[in-house]
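Numbering (the numbering used here), first residue to last: 1 to 765.
Printed below as a string of structure tokens:
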């Protein structure tokens with residue numbers, strides 16, 4: 001009982017992890033007396049001697065009777081005592097009642113604490129009473145969770161002889177959990193001792209403490225121990241406790257990755273209707289997580305949306321998960337707006353220390369949504385997500401994404417809505433320029449300036465682009481590779497009338513090691529070839545035509561030699577393959593213009609062999625077909641074979657992504673069939689293509705081929721030729737002047753003269 005004398009604590013009290021060395025007990029008790037008991041001056045007199053004596057007598061019984069003690073405590077409390085002896089007895093009475101009530105005696109512990117607060121330990125009769133008061137006061141503080149937990153434990157550690165210890169382990173456990181940091185190991189051991197001993201808690205209350213112990217075991221991933229205590233709760237526990245137990249069973253299942261069982265336990269707990277509102281929110285979230293882990297996003301989403309009804313950290317986590325679901329939902333492909341909205345909610349409600357929203361995970365979901373939206377062309381959703389990302393992004397990652405999104409958005413708008421493309425190019429350029437200004441690494445800084453310059457160039461702002469390129473050229477410690485690229489950029493951005501500066505920039509790019517050297521050499525070569533052509537064209541009206549012709553020949557040869565140097569390289573690095581293809585094609589094209597058909601054929605065949613899917617492959621097919629047709633005209637012995645091969649290349653152009661090449665491939669295909677005398681194939685092809693290009697210059701060109709096909713067929717069909725010519729004459733009158741091209745065969749003047757010639761030829765038939 002509370003005041004009984006018992007055997008030495010050293011022989012009866014088991015040693016535990018949560019107990020301190022016996023040597024310290026006396027010191028801690030004295031320390032507790034100083035810290036816990038307020039020193040007061042003189043106090044009012046005690047309650048009546050009879051009332052006090054009755055309570056003391058009841059407390060001194062070997063097994064105090066709560067039914068006998070409670071009325072005595074109430075009677076004594078009604079006197080509002082202020083003296084230490086009476087308050088000590090009153091507090092001890094409340095402690096006895098609390099001990100008998102087990103875990104349900106919190107109101108007694110609170111009353112005991114108030115009574116002990118009115119005591120002055122120095123006014124107690126002997127040291128034994130002082131030690132008991134210090135200990136009991138500490139128990140009361142432990143129960144009410146007040147006071148410094150370390151000091152409370154210090155005062156509790158040495159129970160005086162005869163003290164009731166039934167609730168002692170539980171109070172120690174609760175105090176361990178209030179420490180900073182909490183002593184989880186000590187709390188687990190103390191709770192286990194309490195629940196495994198002769199505690200006085202009701203089964204319902206004991207079940208709640210078992211749940212507390214389960215949570216501690218789950219925290220340390222001690223799943224088997226957690227399950228053991230959960231089973232011990234049993235089905236006789238109150239409904240709310242059973243619901244809470246199902247929640248813990250669900251969490252055990254989650255830890256074991258048994259997602260189906262986790263969902264079942266969580267759903268059973270929710271259906272019970274016994275969970276508090278806040279707990280229901282968390283359980284719904286955990287049910288959703290389990291469903292997502294099992295691959296059932298569709299079933300998880302409704303739970304997550306229910307969680308959003310209660311704003312807070314869990315709602316922020318739910319919004320994050322909904323965004324993750326939205327980023328991979330096939331039904332939302334191309335329209336990720338909702339996922340971006342979820343992210344806005346998540347980042348607004350989540351705190352940096354959130355238990356449920358870990359910043360690295362939220363960043364990963366942001367990037368997942370941004371990348372998915374961008375790749376699908378949903379640039380508005382991508383930009384929205386990137387803007388919200390600014391709150392948690394590292395190292396301007398949000399700005400980098402916005403720059404990339406705007407750049408791709410603008411490129412897409414060029415095809416669909418050109419008027420809106422420029423602002424996006426400008427936004428991208430501004431973002432890149434800002435990133436460059438903030439970059440510390442010289443290489444990164446230079447790369448960002450170049451990216452910004454490219455966006456300005458696409459926006460038609462060459463002067464702004466040139467400013468950023470100049471920033472690269474004026475930068476410190478810029479790698480030579482990037483300097484070379486910047487000199488090449490400068491050459492591309494300078495106005496055409498600044499030929500000397502362009503040439504100088506290209507020469508600087510050629511002189512530097514890196515991937516810009518070969519493209520710069522190619523552009524320099526083309527510059528020399530064009531200059532040579534211009535010099536030759538101007539020689540006729542010059543006072544020194546021979547000198548200009550000589551200069552033109554030297555300049556042209558220099559350019560062609562440089563092209564050949566690139567085209568004939570024995571080893572071509574990956575970075576140079578695009579330029580290598582360009583050089584081969586350019587030499588083939590120049591050979592065609594010079595009517596050197598065998599040389600052109602050889603160059604263009606080489607190009608298609610090395611780069612059948614290259615950027616200039618379709619151009620090469622058209623030019624190679626032209627070379628073969630020219631070869632067929634000059635050498636009758638190879639005519640059929642050359643035309644047949646040319647037809648193969650022309651048919652391949654039907655799949656070209658370039659509308660111009662596709663159209664002229666079709667026209668040349670019809671022309672080749674006509675040259676081969678296959679009017680049976682030429683006539684339907686021309687009719688089909690004329691319908692396809694109705695009302696355009698191409699219809700006029702195809703009409704001429706159809707006209708000749710009708711006259712060349714066996715037998716000839718002048719009637720259809722007449723109809724075709726009439727259609728051509730009507731079309732010529734209807735076409736605006738700007739529909740015609742400047743080259744001879746497709747000019748207005750050419751057709752103005754050609755149509756009468758065709759009419760005359762028809763009349764002669």
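The C-beta atom is built at its ideal place from N, Cα and C for all residues, glycine as well.
Note that the structure is a prediction, hence the values are computed from the model and not measured.
In this model, residue 705 and residue 631 are separated by some 21 Å (Cα to Cα). Within its own chain, the residues whose Cβ lies closer than 6 Å to the Cβ of residue 156, once the five positions on either side in sequence are excluded, are 138, listed in chain order. Pairwise C-beta distances place the segment 414 to 430 in contact with the segment 446 to 461, as three or more of them are shorter than 8 Å. Residue nearest to residue 294 within the set 311, 394, 253 is 253 (criterion: CA-CA distance). Following the DSSP letters along the chain, one finds residue 694 in no alpha helix (DSSP H), marked with neither H nor E. Distance from residue 512 to residue 493 at the Cβ level is roughly 18 Å; contact not present, criterion being Cβ atoms closer than 8 Å.
Ranked by Cα distance from residue 312, the options 331, 282, 296, 302 are led by 282. When secondary structure is reduced to three states using DSSP, residue 527 falls in the helix class. Of the candidates 357, 292, 300, 291, the residue whose Cα lies closest to the Cα of residue 315 is 357. Distance from the CA of residue 130 to the CA of residue 184, rounded to the nearest whole angstrom, comes to 31 Å.
Listed in chain order, the alpha helix (DSSP H) runs fully inside the segment 596 to 631 are 597 to 610, counting runs of at least 4 residues. Secondary structure of residue 254 (DSSP, three-state): helix.
For a cut-off of 8 Å, the C-beta gap from residue 108 to residue 97 is around 4 Å, short enough to register as a contact.
Using a C-beta cut-off of 8 Å, the segment 432 to 442 makes no contact with the segment 376 to 390, since fewer than three inter-stretch Cβ pairs fall below that distance. In the same chain as residue 241, and ignoring 5 residues on each side of it, the C-beta atoms closer than 8 Å to its own belong to 204, 207, 208, 211, 233, in chain order. Secondary structure at residue 667: helix, using DSSP grouped into helix, strand and coil. Within the model, the alpha-carbon separation for residue 267 versus residue 326 is close to 24 Å.
Only exposed fits residue 438, as fewer than 16 other CB atoms lie within 10 angstroms of its CB. For the options 717, 746, 751, 191, the alpha carbon positioned closest to that of residue 763 is the one of 717. Our two residues, residue 400 and residue 445, have alpha carbons roughly 13 Å apart in a direct line. The three-state secondary structure of residue 458, taken from DSSP, is helix. Counting only the Cα atoms, residue 608 lies some 7 Å from residue 620. For residue 471 and residue 657, the gap between their C-alpha atoms comes out near 37 Å. Ranked by how close their Cα comes to the Cα of residue 697, the residues 673, 675, 192, 730 have 730 in first place. About 7 Å separates the beta carbons of residue 213 and residue 192, which is inside the 8 Å limit, making them a contact pair. Rounded to whole angstroms, the gap between the alpha carbons of residue 374 and residue 405 is 7 Å.
When C-beta atoms of the segment 477 to 487 are compared with those of the segment 508 to 523, three or more pairs fall below 8 Å, so the two segments count as touching. With respect to residue 223, residue 256 sits close: the two C-beta atoms are nearer than 8 Å. Taken through DSSP and simplified to helix, strand or coil, residue 104 comes out as helix. Sixteen is the threshold: since fewer than 16 other Cβ atoms of the shown chains lie within 10 Å of the Cβ of residue 692, the residue is exposed. If you draw a straight line from the Cα of residue 682 to the Cα of residue 742, it is about 27 Å long. A check of alpha carbon separations from residue 50 across 76, 59, 65 identifies 76 as the nearest. In the structure shown, residue 272 falls within a helical segment according to DSSP collapsed to helix, strand and coil. In the structure shown, residue 248 falls within a helical segment according to DSSP collapsed to helix, strand and coil. Scanning the segment 88 to 170 from its first residue to its last, no whole beta strand (DSSP E) run of 3-plus residues comes out. Going by C-alpha positions, residue 116 is about 37 Å away from residue 277.
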